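Peer 1:
2 protein chains.
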Amino acid sequence: MTPAAPQLGILGGGQLAQMLALAALPLGVRVTMLEPDDQAPARLCATHLHASYTDAAGLDALAACDAVTLEFENVPVAALTALEGRVPVRPGRELLERSKHRAREKEALRVAGARTAPFVVIETGTDLDGALVRIGGPGILKTSELGYDGKGQARVSDEAGLQAAWDEMGRVPCVLEGLVRFEREVSLAVARTPDGQVAFGPLIENVHRNGILRTSLFLEGDPHEAQAREIAGRVAWAWGLEGLMTLEFFQLPGSELLVNEVAPRVHNSGHLTQDGSSVSQFEAQVRAVLGLPLADWRPLLPCAMVNIIGMEGTDGQPLEPDWAGIDALPGTRLHLYHKAWRARRKLGHVNLVAPDARILRERLAQLERLIP
Amino acid sequence: MTPAAPQLGILGGGQLAQMLALAALPLGVRVTMLEPDDQAPARLCATHLHASYTDAAGLDALAACDAVTLEFENVPVAALTALEGRVPVRPGRELLERSKHRAREKEALRVAGARTAPFVVIETGTDLDGALVRIGGPGILKTSELGYDGKGQARVSDEAGLQAAWDEMGRVPCVLEGLVRFEREVSLAVARTPDGQVAFGPLIENVHRNGILRTSLFLEGDPHEAQAREIAGRVAWAWGLEGLMTLEFFQLPGSELLVNEVAPRVHNSGHLTQDGSSVSQFEAQVRAVLGLPLADWRPLLPCAMVNIIGMEGTDGQPLEPDWAGIDALPGTRLHLYHKAWRARRKLGHVNLVAPDARILRERLAQLERLIP
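One line per chain: the protein sequences are A and B, in this order. One rule links them: number in my numbering = place in the first sequence (from 1) + 83. One rule links them: number in my numbering = place in the second sequence (from 1) + 83.
(1) Can you find a CB in chain A that lies within less than 8 Å of the CB of D410 (chain B)?
(2) Are there 16 or more other CB atoms within 10 angstroms of the CB of E313 (chain B), so buried, or fewer, so exposed?
(3) Please classify S299 (chain A) as buried or exposed, where buried requires at least 16 other C-beta atoms within 10 Å of its C-beta.
(4) Are G92 (chain A) and V170 (chain A) closer than 8 Å when you measure CB to CB?
(5) How many Å lie between G219 (chain A) and G261 (chain A) at the Cα?
(6) Which chain A residues sit within Cβ distance under 8 Å of L296 (chain B)?
(7) Excluding five sequence neighbours on each side, which residues of the same chain lie with their C-beta closer than 6 Å to the C-beta of L224 (chain B)?
(8) Using a threshold of 8 Å, state whether the C-beta atoms of L229 (chain A) and N157 (chain A) are closer than that.
(9) If we count the other Cβ atoms within 10 Å of its Cβ and call it buried at 16 or more, is V389 (chain A) buried or exposed?
(10) When you compare the CB positions of A437 (chain A) and R425 (chain A), do they come within less than 8 Å of one another, or not?
(11) Kindly indicate which three-state DSSP category H291 (chain A) falls into: helix, strand or coil?
(12) Taking the C-alpha atoms as reference points, what is the distance between A272 (chain A) and M102 (chain B)?
(13) Which stretch, first to last residue, makes up the alpha helix (DSSP H) that contains L192 (chain B)?
(14) Quick check: the Cα distance between L384 (chain A) and H131 (chain B), rounded to an integer number of angstroms?
(15) Check whether the Cβ of A407 (chain A) lies closer than 8 Å to any Cβ atom in chain B.
(16) Please name the residue, chosen from A:L286, A:G168, A:V369, that lies closest to E90 (chain A) on a Cα-to-Cα basis.
(17) Please classify V345 (chain A) as buried or exposed, where buried requires at least 16 other C-beta atoms within 10 Å of its C-beta.
(18) How would you list, in chain order, the residues of chain C whose beta-carbon sits under 7 Å from the beta-carbon of L108 (chain A)?
(19) For the ligand FAD, is there a heavy atom less than 7 Å away from the beta-carbon of V172 (chain A)?
(20) Exposed or buried, what is Q122 (chain B) when buried is set at 16 or more other beta-carbons lying within 10 Å of its beta-carbon?
(21) May I ask you to list the residues that DSSP assigns as paired with S270 (chain A)?
(22) Around the C-beta of L127 (chain B), are 16 or more other C-beta atoms found within 10 angstroms, so that it is buried, or is it exposed?
(23) Assign L324 (chain B) to one of three DSSP states: helix, strand, or coil.
(24) Using a Cβ-Cβ distance under 8 Å, would P438 (chain A) count as near chain B?
(25) Check the Cβ-Cβ distances between D241 (chain A) and every residue of chain B, and say whether any is below 8 Å.
(26) What does DSSP give as the partner residues of N434 (chain B) in its beta bridges?
(27) Establish whether the CB of H421 (chain B) and some CB of chain A are separated by less than 8 Å.
(28) Are R198 (chain B) and L330 (chain B) touching if we call contact CB-CB under 8 Å?
(29) Distance, Cα to Cα, L302 (chain B) vs A387 (chain B)?
(30) Identify whether H350 (chain A) lies in helix, strand or coil by the three-state DSSP scheme.
(31) How would you call G96 (chain B), buried or exposed, if buried means at least 16 neighbouring beta carbons within 10 angstroms?
(32) Take H418 (chain B) as the anchor and find which of A:H307, A:E366, A:G431 has the nearest alpha-carbon.
(33) What separation, rounded to the nearest whole angstrom, lies between the Cα atoms of E288 (chain A) and G294 (chain A)?
(34) Can you pull the chain A residues whose beta carbon is under 7 Å from the beta carbon of G111 (chain B), in chain order?
(35) Relative to the alpha-carbon of S279 (chain A), which residue among A:L443, A:P124, A:A378 has its alpha-carbon at the smallest distance?
(36) Report the rounded CA-to-CA distance for R173 (chain A) versus L153 (chain A), giving the unit in angstroms.
Here it is as structure tokens:
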């Protein structure tokens, strides 16, 4: 019916791959994913190549797709090398190597004309000397690679603390970032097709708890959206984006936006786009990667999201959300990932849609009380 | 996380089963379906028991689920018998035997207090005598079983024509229905959980073309919704519904609603509920069948649907929709079923969501021109 069902390959099979596959199917797109975990959430709605990310047969199967995308940035270089020249990988290798490496990412953001917090790259012990002075005071030491959800980070306020934190991290390459006094954290996604169509997601306001995203909020007419789009568009063009990426920003008191970090994919903060009656971020990534027509995906209604994270009580037992209460609250939509419970693990999220901003805020406050 | 992932069995694996499975997964529900077609659309997002509907091993696997539902009403009696007492089948056998048999359905509707068009049950040749007089003029002869999308129907205006039509149908049991002058066709779904929670879908206006649904439309504040809910609720209680059923109505010039027919499941006219930011009819059926909390599912925004049906040009070649045009029209959402093209076959649908009724009608007119 459509010009032959497109085949999309995904590196990774977690909940992002699952939701990409759920968005791909109604477009007539088939999904194949490579993922070593036999309980991978995406196996429920995609063909599962059950092997390591560098498995030759698995990569051959991905190479037979029309395009390959990913749900996490720490893709082994060997996997990208094996696919090179055989199938388009979107985003491409250069962008991935940048976004999975904090120091390179920040430098590339500055080259693209985006502002970031002050930072110093720490590669050898001598880089520690005077580093706190150069960032203008206390800061956060972050590993350059493999950090996420607050892992691989330490707050430091003096030289001794900095040295201790770096020792603790095994003296791996790090970035020392200056602390930024910000009013709020926001994020925005941008997608670009191989032929250069660009489209944007909505500006979303995010609240973290213990380094993990807790709630996201979209309201119409955010005055900072234009600035965020301007920055995201500039970076997308400068970096030659093919596919979708999400920028996280700090909004400073003077209302300027600093880029905190970039994820080369759909992002937890964009989950609320599943239920606001527009295209979701997942559909946007699928479209961008396959070169299908693309337009801005901004919800038609105010909406929000609360993450369901594995929480334990003082007795070490899982704390359950109030499922009946969630179901009873108007406008809620459950999204569970079919993952076994584990402390601090993302297990699902609840989206909330409301007819206006006032009702949304009221119900969001209620919803937050139902989810530990 | 949730109290053990519920398992839902489905008899049938077509596009309705596919969309039921797509709605079930985010609720933490796993779907298994029994379907002989190896290209069944639902295989892409559910466990596929690839066997006949009466296969013993297949039915054993369904019996191991928490509940079983269906996507078509002509389920073989042997399948229902095999499941009896082992797993709840919702809707249950009695309701199914009624809704798949036109004469029994109409009689049961009247017993429940719902009005229908005048009709005469035709079982033997003598039932033909005076039948047209009893229904008050010309009518439509319909087979009691196995008719759908305009198949198994013939318009008759005199005794000779009636006799010829019945001969043509192989003298199987039929219903002769009186022609009704109606202003429009509308539909409404009702769901009931095993513990008696009842909830309703929106009132939807439908336009058919050659006996197959072409477009559906939902607008806020339809003045006939209350009457439709009253009838649907009465029938749901009288028939002991567990699960979801959809009533199709004729709206008479005096604004009374006659029930045309009842489908014991989600219905093509309800597809627009997938994208209006409320719960979809598919989620409603999953919830009702599994006894999960349920509330009315009425879109928060005006929305519409246009079916994509296999159409052929005068040269017998498939006529393609204008895919680029559909994508370019704001508010469209594509839903393709991954089925091979065949003339008159339902291959997908396009939902359309708009901020208000005026814009919806304008864009719907544009959308209709893009789909042959």
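For each residue, glycine too, the CB sits at the ideal point set by N, CA and C. In this text, all values refer to a predicted model and were calculated from it rather than measured experimentally.
Peer 2: In terms of the structure at hand:
(1) yes
(2) exposed
(3) buried
(4) yes
(5) 7 Å
(6) Correct list: empty, because the minimum Cβ distance to chain A is about 18 Å.
(7) A237, V239, A248, C257, L259
(8) yes
(9) buried
(10) no
(11) In this structure, H291 (chain A) counts as strand in the three-state DSSP scheme.
(12) 28 Å
(13) 185-194
(14) If you take the alpha carbons of L384 (chain A) and H131 (chain B), they lie about 37 Å apart.
(15) yes
(16) A small correction: the amino acid at residue 90 (chain A) is Gln; Glu does not occupy that position in the sequence shown. The shortest C-alpha separation from Q90 (chain A) is found at A:V369.
(17) buried
(18) No chain C appears in this structure, whose protein chains are A and B.
(19) Absence of the ligand FAD is noted for the structure shown, with no ligands found whatsoever.
(20) exposed
(21) For S270 (chain A), which the question treats as bridged, DSSP gives the partners A:I287, A:E331.
(22) buried
(23) Coil, per DSSP.
(24) yes
(25) At a cut-off of 8 Å, the C-beta of D241 (chain A) has no neighbouring C-beta in chain B.
(26) B:M388, B:R416
(27) For H421 (chain B), the answer is yes, since a Cβ of chain A falls inside 8 Å of its Cβ.
(28) Not in contact: R198 (chain B) and L330 (chain B) (Cβ atoms no closer than 8 Å).
(29) 9 Å
(30) coil
(31) It is buried - the Cβ of G96 (chain B) has at least 16 other Cβ atoms within 10 Å.
(32) A:E366
(33) 15 Å
(34) L419, H421
(35) The question names Ser, but residue 279 (chain A) is Gly in the sequence shown. The candidate whose alpha carbon is nearest that of G279 (chain A) is A:A378.
(36) 8 Å
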